[in-house]
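**Student:** To start, I am sharing the structure in question, which I have written as structure tokens.
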Amino acid sequence: MPKLKFNGKELKVDLTEPEVKWIKDTLERDPAITELGMFDVMWSEHCSYKSSRPKLKLFEDAEKNYDYVLAGPGQDAGVIDIGDGYALAFRIESHNHPSAIEPYHGAATGIGGIIRDVLCMGVRPIALLDPLRFGTLKNNPHSQWLFKYVVKGIADYGNCTGIPTIGGEVEFDKSFEGNCLVNVACIGLGSVEDFKHAPSRAYYPGDYIILMGGSTGRDGIHGVTFASRTLTDMSEADRPAVQIGDPFTKKMIIEATLEAIKTGYVRGLKDLGGGGISCALSELTGDGGTGARIEMRKIFTREPGMNSYEIMLSESQERMAFIVKPEGLEKILEIFRKFEIAHAVIGRTDDSKVLKIYDGDNLVVNLPSIALSESPIIDREEKRPAILEDLISQKTPEPSSNLEEIIYKLIASENICSKEWIYRQYDHEVGVRSVVKCGTGDSGVLRIIGTNKFLASSVGTNSKHSFLDPYEGAKGGLVEVCGNVIANGASPKAMVNCCNFGNPEIPESFWYFANSIRGMADFCKELRIPVVGGNVSFYNEDEVSKTAIKPAPVIMIVGIIDGVENIITLPFKNVGNDVLIIGETENELGGSEYHSVIYDIEGGIPPKVDEKKIKARWDFIYELHEKKMIKANHDVNKGGFIISIAEMCFKNKLGANLDLSSYNDKNLRDDKLLFSESVGRFIIETDPKDFEEIMILAKKFKVIVKKLGVLIIKPEINVKGLKSQDFKLNIGKMKDLYDSTIPNLMDI
Amino acid sequence: MYQSEFEIEISLENKPAARDPVAETIKRDLLAKKGYDLISKVRSGQYLRIILKANDEKDAKEIVTSMCNDLRIFNPVTQNLNIINVKKL
Amino acid sequence: MTIKIAVVQFPGANCDLDAMHVLNNVIGVETSLVWHNHFKEAEFDGVILPGGFAFGDYLRAGIIAAHSPALDQARIMLKDGRPILGICNGFQILTEAEFLPGALLQNESLKFVCKWINIRVENNKTPFTHKMKNGDVLAIPVAHGEGRYFTDNLKELEENEQIVFKYSDENGKYTQNANPNGSMENIAGICNLERNCMGLMPHPERASEAILSPKSTTHGKLFFDSMLEFIKRR
């Protein structure tokens, strides 16, 4: 961290020497203290993406290449036209570091932030999803504490704002112990017309700038610190380490904002996040090509005696900046008064292209509007970690217990067991849109009232696979999450990603990031899935032990189901129906739950993705959708296909007679066949009378489809046709193990 | 009459019949996990600190008590109002 | 004369639009969303206090909303026998406003619970339940953190037949498992002495369309159909 001299005192900033020089050269003077603070925040990794931008360029331009993409990366949320006059906006973000310190408020404010982003596109937020990662729970009170309070934070905030949490995902692994990952996603619904007239930036001089929402306090002020004391008068101990969210105010903001936008007078809208009001204003005017004059003392504060630095850089929650047409000012203020939301007119835009902030008569900020967004790029080095070679060649030990015992252990393991403990705390039905509820499908499915369309959305990735091969692992994550929406009858329409990695200054960590991006870019291009947004969270690393998290390129997919009759759910439905598997199983046990739960090993050959095969399987499934031949569908992931089959038996307490003799083209050992986590496979339930036609279609699409067995009324799975002996699984016992793991760990 | 400033601290606790699951959980966790067996009882509740102008301590208590009753600051069906402390500022 | 129903919108209500959707689009009765400060009883034949987190549930669920002028207006309707339905947060508001006896406390598990449960009809002589039969078991979801019903006068409630619904299993048995929040006597919903005001924790507006219901039932619709017919017959 370079040290600067400022008014004779020494200052520590996160900016590098060349960056400080650039600022001085551009401004042709030394920056004022608040200006310096603004650069320090806006040019931080978190806000400027300086390490990641070069790699993110690898993604195809979504707006250019896909006619249904209305907004791509760079906007507050990605937006797609879904037909029938409707559009969906969605975005995913991380709130990792605050949640590791204070899980309840960190997670809650994460939800608050993502809701605001979607709201800025002028649409009503209608769903939340939360992919989470923690250290293992067993015998780990710290992980249990983080897990419990992150879930509670998300529940309390989401429930209070009335936005259903319809899906999510959780991975437990030692590598996340010191650095839990809390990613949050939000989907908003509006009409294409709404979206076309949505407020965006400050393009017109003479408009009013209104700050509304929560008051401004000393929360979360980053950046510049003097060597011996902080810039603010409050000591470190008194300043809240994490901001406190207020979902009630947020709910009022949602209603007031939507009502204000309906008037047509709101031309620009930005939520206040990193860098507070100064950065929000700089984005509004910078992107809009205007300037602004702001009276800082009009900003309503929570505490007395705040100085200009504190006010301009505060990150207090629940605040929005509106750019309003002059003739509409009274109407907008009336709306804010109705909802009793604090607000103030703090200034006006002009054509100066300069952001001028006055503290009384003092000009404290005088920056060209675009200066803050001209952040530098840093080219980072990549280096494959040396340990991977040995890890990947780790062999699967010979199973020492019988297969049933292994399966009972797997179904009860933390990464596979039921997550009902989590989603029971989320109101996943408010809004009367939830059609496929948590627990009955691989994705959350919501109806779009006024149409016969349904949105299906899922989130996730597999960090254990990515750890061994980030390129294939990222692709595999995409295959899995797409597979989740396809299993419910949808076709994937667009994706956003949330990249969680270690320190980019360390070549091995950056190698993981770069290859994950390459994997996602290649796969999305080939399978024609537009990337409409993304978020990068670096520095998820333990300072002391210098261990990074396993790489987590979390994917979110939004898909559309056309017609209620095309919705498919997970549970098996009818005795006598066939159980088929789509896709072949390879010797790919690397990073599998089988390896980690039974042998505590992380290595092995990780699953690979063959885009052509995946495309063929998906096209084949779409054909089956047309013909309404799929009665139940579950994509195969953690634990292998036998786990997936068991999960499908639980709800209706059915069983199956399986004969695996014809399903082992690669001649794998029994355990490898059962527990391999090869990606892109599906277990489907079909009517026996459709079998012939299904096999003909499979041949036509060149997809491997095998009949594994039939459904029976007795709740047990009888497995024949393996190299070692046949065995039987008791569904009741499996379900008890599946249901009780997390409650036993958490509810004492 | 000459008015001074007073500070009153009150707590709102659940009546016994309404139970106190928050307190029960805390006590169970404390005893079960950390062996604080000297603790025999835990009560939870809401706490409010109110600063007001009144003639004297008695007057201050009366004002706060009627306010809590009139505005249902505590729920008379399920909660008891306790005045923990009164002091002149 | 067209029948008009109001759904009162408090700051922080979440299920107001849901109730509006069901009443307007599924039941087909003219229903208005009225901001709490603007609510005037003379314009309406019935009123619904919807679910959500009115005023953030600050201090206590429902207490701040209970002081709203909307409740003064509703008190007039209470006295002249017009139907008043409180759903979830609405039920909490009605107890704090003393339209209904008792109180709703934090769930026994201390966690928010969102799941489909069953309730058994105990009293079908209210404007909301006359299309049901005593003993009927209805499938309906709950979603709340403070749903544990408590009263210090259970005897009176029972003698006056003010208990309208109790949590039960699919067969109508009042088991502990069937009770999602630890409510006294598995009580899920109650009414006032005159029976025109009812509050319940479960959400009938989420159970009025087959597509939203795990077993494709529409038991929630019975509430609103009953309410409409009661108004017609008055």
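Residue numbers (numbering that gives the first Met the number 0), protein chains in the order written: chain A, 0 to 747; chain B, 0 to 88; chain C, 0 to 233. Where is the CB? At the ideal position from N, CA and C, for every residue including glycine. Only a predicted model underlies this, so the values are computations on that prediction, with no experimental measurement involved.
Using a 10 Å radius around the Cβ and a threshold of 16 neighbouring Cβ atoms, would you call A:G73 buried or exposed?
**Tutor:** Within the first sequence, residue 73 of chain A is the residue found at index 74, counting from 1. With fewer than 16 Cβ atoms within 10 Å of its Cβ, A:G73 is classed as exposed.
**Student:** When burial is assigned at 16 or more other CB atoms within 10 Å of the CB, is A:W42 buried or exposed?
**Tutor:** The count along the first sequence starts at 1 and reaches residue 42 of chain A at position 43. A:W42 should be labelled buried.
**Student:** Within 10 Å of its beta-carbon, does B:N74 have 16 or more other beta-carbons around it, so buried, or fewer, so exposed?
**Tutor:** Residue 74 of chain B sits at position 75 when you count from the first residue of the second sequence. The residue is buried, with at least 16 neighbouring Cβ atoms inside 10 Å.
**Student:** For the stretch 479-531 of chain A, list the beta strand (DSSP E) runs that are entirely contained and at least 3 residues long, ordered along the chain.
**Tutor:** Complete beta strand (DSSP E) runs here, min 3: 490-499.
**Student:** Please decide whether C:V7 counts as near chain A, where near means a Cβ-Cβ distance under 8 Å.
**Tutor:** Here residue 7 of chain C refers to the residue found at position 8 of the third sequence. Chain A, which has no Cβ nearer than 8 Å to the Cβ of C:V7, makes this no.
**Student:** Quick check on the DSSP output: what are the complete alpha helix (DSSP H) runs of length 4 or more inside the stretch 126-175 of chain C, in order along the chain?
**Tutor:** Correct list: 153-158.
**Student:** If A:T289 sits next to A:D349, beta carbons under 8 Å apart, how far is it from one beta carbon to the other, in whole angstroms?
**Tutor:** Counted from its first residue, the first sequence places residue 289 of chain A at position 290. Counted from its first residue, the first sequence places residue 349 of chain A at position 350. A:T289 to A:D349, Cβ: 7 Å. Contact.
**Student:** Going along the stretch 101-128 of chain C in order, which residues come within less than 7 Å of chain B, judged by CB to CB distance?
**Tutor:** Cβ contacts with chain B: G101, A102, L104, Q105, E107, L109.
**Student:** Do C:L103 and C:R74 have their C-beta atoms closer together than 8 Å?
**Tutor:** The count along the third sequence starts at 1 and reaches residue 103 of chain C at position 104. The count along the third sequence starts at 1 and reaches residue 74 of chain C at position 75. Contact: no.
**Student:** Hey, A:N586 and A:F537 are a contact pair by Cβ (cut 8 Å); roughly how many whole angstroms apart?
**Tutor:** Taking the first sequence and counting its residues from 1, one reaches residue 586 of chain A at position 587. Taking the first sequence and counting its residues from 1, one reaches residue 537 of chain A at position 538. At roughly 34 Å, the Cβ-Cβ gap does not stay under 8 Å, so A:N586 and A:F537 are not in contact.
**Student:** Rounded to the nearest angstrom, what separates A:I406 and A:I642 at their Cα positions?
**Tutor:** Counting from 1 along the first sequence, the entry for residue 406 of chain A is found at position 407. Counting from 1 along the first sequence, the entry for residue 642 of chain A is found at position 643. Cα-Cα distance, rounded: 8 Å.
**Student:** Listed from N- to C-terminal order along the chain, which residues in the stretch 58-84 of chain B have their beta-carbon within a distance smaller than 8 Å of any beta-carbon of chain C?
**Tutor:** Within the stretch 58-84 of chain B, the residues whose Cβ lies closer than 8 Å to some Cβ of chain C are L70, R71, I72, N74, V76, T77, listed in chain order.
**Student:** Relative to chain B, which residues along the stretch 59-84 of chain C have a C-beta separation below 9 Å, given in chain order?
**Tutor:** Residues passing the 9 Å Cβ filter: R59, I62, A65, H66.
**Student:** Give me the Cβ distance between A:G359 and A:R301, rounded to the nearest whole Å; I'm assuming they're in contact under 8 Å.
**Tutor:** Taking the first residue of the first sequence as position 1, residue 359 of chain A is located at position 360. Taking the first residue of the first sequence as position 1, residue 301 of chain A is located at position 302. Their Cβ separation, rounded to whole angstroms, is 20 Å, which puts A:G359 and A:R301 out of contact at 8 Å.
**Student:** Are any of the Cβ atoms in chain B nearer than 8 Å to that of C:F90?
**Tutor:** What you label residue 90 of chain C is simply residue 91 of the third sequence in a count that begins at 1. Taking Cβ atoms only, chain B never reaches closer than 8 Å to C:F90, which makes this a no.
**Student:** Run the CB neighbour count on A:S660, radius 10 Å, all protein chains shown included, and call it buried at 16 or more, exposed below.
**Tutor:** Here residue 660 of chain A corresponds to residue number 661 of the first sequence, with the count starting at 1. With fewer than 16 Cβ atoms within 10 Å of its Cβ, A:S660 is classed as exposed.
**Student:** Nearest to A:N401 by CA position, among A:K20, A:I741, A:F726, A:C46, is which residue?
**Tutor:** Taking the first sequence and counting its residues from 1, the one referred to as residue 401 of chain A is at position 402. Of the listed residues, the one whose Cα sits closest to A:N401 is A:F726.
**Student:** Beta-carbon separation of A:N499 and A:K637 under 8 Å?
**Tutor:** Looking up residue 499 of chain A in the first sequence gives position 500. Looking up residue 637 of chain A in the first sequence gives position 638. No; because the gap between Cβ atoms is not below 8 Å, this pair is not in contact.
**Student:** Spell out whether any CB of chain B is found under 8 Å from the CB atom of C:D151.
**Tutor:** The sequence position of residue 151 of chain C within the third sequence is 152, counting from 1. So yes, C:D151 belongs to the interface.
**Student:** With DSSP as the reference, label A:P303 as helix, strand or coil.
**Tutor:** Residue numbering aside, residue 303 of chain A sits at position 304 when the first sequence is read from its first letter. Coil at A:P303, not helix or strand.
**Student:** Specify the secondary structure class of A:E585 as computed by DSSP and reduced to three states.
**Tutor:** The residue given as residue 585 of chain A occupies position 586 in the first sequence. Reduced to three states, the DSSP call for A:E585 is coil.
**Student:** Residue range of the alpha helix (DSSP H) that A:F335 falls in?
**Tutor:** As a position in the first sequence, residue 335 of chain A is number 336, starting the count at 1. Its alpha helix (DSSP H) spans residues 328-337.
**Student:** Counting Cβ pairs closer than 8 Å, one from the stretch 326-343 of chain A and one from the stretch 267-274 of chain A, do we hit at least three?
**Tutor:** Judged by Cβ distances under 8 Å, the stretch 326-343 of chain A makes no contact with the stretch 267-274 of chain A, as fewer than three pairs qualify.
**Student:** Between the Cα of C:V28 and the Cα atoms of C:P49, C:V6, C:H35, C:N13, which residue gives the shortest distance?
**Tutor:** The count along the third sequence starts at 1 and reaches residue 28 of chain C at position 29. Per the Cα distances, C:V6.
**Student:** Within 8 Å of any Cβ in chain B, is that where the Cβ of C:E160 sits?
**Tutor:** Walking along the third sequence from the start, residue 160 of chain C turns up at place 161. It does not: the Cβ of C:E160 has no partner Cβ on chain B nearer than 8 Å.
**Student:** At which residue ranges does the stretch 535-579 of chain A contain complete alpha helix (DSSP H) runs of 4 or more residues, listed in the order of the chain?
**Tutor:** Listed in chain order, there is nothing to give.
**Student:** Only counting the same chain, and skipping five residues up and downstream in sequence, which positions put a Cβ closer than 6 Å to that of A:A343?
**Tutor:** As a first step, residue 343 of chain A is located in the first sequence; it is residue number 344 there, counting from the start. Within the same chain, A:A343 has close Cβ partners L210, K297, F299.
**Student:** Closer than 8 Å, CB to CB, is B:V41 near chain C or not?
**Tutor:** Mapped onto the second sequence, residue 41 of chain B falls at position 42. Cβ-Cβ to chain C under 8 Å: no for B:V41.
**Student:** Check the Cβ of C:E184 against every Cβ in chain B and list those closer than 8 Å, keeping chain order.
**Tutor:** Start at 1 with the first residue of the third sequence, and residue 184 of chain C comes out as number 185. What C:E184 touches in chain B: nothing, since even the nearest Cβ is about 13 Å away.
**Student:** Taking DSSP as the reference, what is the three-state secondary structure of A:L707?
**Tutor:** Taking the first sequence and counting its residues from 1, one reaches residue 707 of chain A at position 708. If DSSP states are grouped into helix, strand and coil, A:L707 belongs with the strands.
**Student:** What residue range does the alpha helix (DSSP H) around A:M694 cover?
**Tutor:** Looking up residue 694 of chain A in the first sequence gives position 695. Residues 690-700.
**Student:** List the endpoints of the continuous alpha helix (DSSP H) containing A:R52.
**Tutor:** In the first sequence, residue 52 of chain A corresponds to position 53, counting from 1. That run of the alpha helix (DSSP H) goes 52-55.
**Student:** What number of angstroms, rounded off, separates the C-alpha of B:N81 from the C-alpha of B:E12?
**Tutor:** By one-based count along the second sequence, residue 81 of chain B stands at place 82. By one-based count along the second sequence, residue 12 of chain B stands at place 13. Answer to the nearest angstrom: the Cα atoms are 8 Å apart.
**Student:** What does the alpha-carbon distance come out to for the pair A:Q393 and A:A385?
**Tutor:** The residue you call residue 393 of chain A lines up with position 394 of the first sequence. The residue you call residue 385 of chain A lines up with position 386 of the first sequence. Using only the alpha carbons, I get a separation of about 14 Å.
**Student:** Counting along the chain, where does the beta strand (DSSP E) carrying A:Y207 start and finish?
**Tutor:** On the first sequence, residue 207 of chain A is found 208 positions in, with the first residue counted as 1. Its beta strand (DSSP E) spans residues 207-212.
**Student:** Identify the contact partners of B:A16 in chain C, using a Cβ-Cβ distance below 7 Å as the criterion.
**Tutor:** As a working note, residue 16 of chain B is residue 17 in the second sequence. Chain C residues near B:A16: D151.
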